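To convert a position in the sequence shown, counted from 1, into the numbering used here, add 591. Note that the Cβ used here is the ideal one computed from N, Cα and C, for glycine as well. Since the structure is predicted, the reported quantities are computational estimates derived from the model, not experimental observations.
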Amino acid sequence: MRWRAHDCSFFCGLLGSAVGDMALACDAAGGIYLADGFLPTIGQFLAGSTFAERFLAKGNMRAVLERIPIRLVEHGQLGVLGAANWYLQHHTHLA
């Protein structure tokens, strides 16, 4: 599926707003990591979109959000690594 620029811009703005809300709700001072899915595909577009503007648009909480680093993880196999990690934590028994 091809994204049109308008659709992608709209999505990036919504994502920025939602991530900003979650960062405040979860006290994400250590950072925000956007990972997997199609985000790496639109990484360049995301950087030039309204994402950051909407992320920071939280009134007097802007200063708090400005200190939170945001990273785009471009691994490609995070789902597999997560599943393997879960399996090892739950099914590894030493005899």
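In this structure, Thr-641 sits near Cys-603, with a CB-CB distance shorter than 8 Å.
Secondary structure in the stretch 596–646: the beta strand (DSSP E) runs of 3 residues or longer, each lying completely within the stretch, are 623–626 in chain order.
Taking the Cβ atoms as the reference, Ala-643 lies roughly 6 Å from Gly-607, within the contact range of under 8 Å.
For Tyr-624, the closest of Gly-634, Val-664 and Arg-645 by C-alpha to C-alpha distance is Val-664. Under the criterion of beta carbons closer than 8 Å, Arg-662 and Gly-622 qualify as touching, at roughly 6 Å. When secondary structure is reduced to three states using DSSP, Arg-653 falls in the helix class. Around the CB of Leu-637, 16 or more other CB atoms lie within 10 Å, so the residue is classed as buried. Per DSSP, Ala-648 is not a residue of any alpha helix (DSSP H), being assigned neither H nor E.
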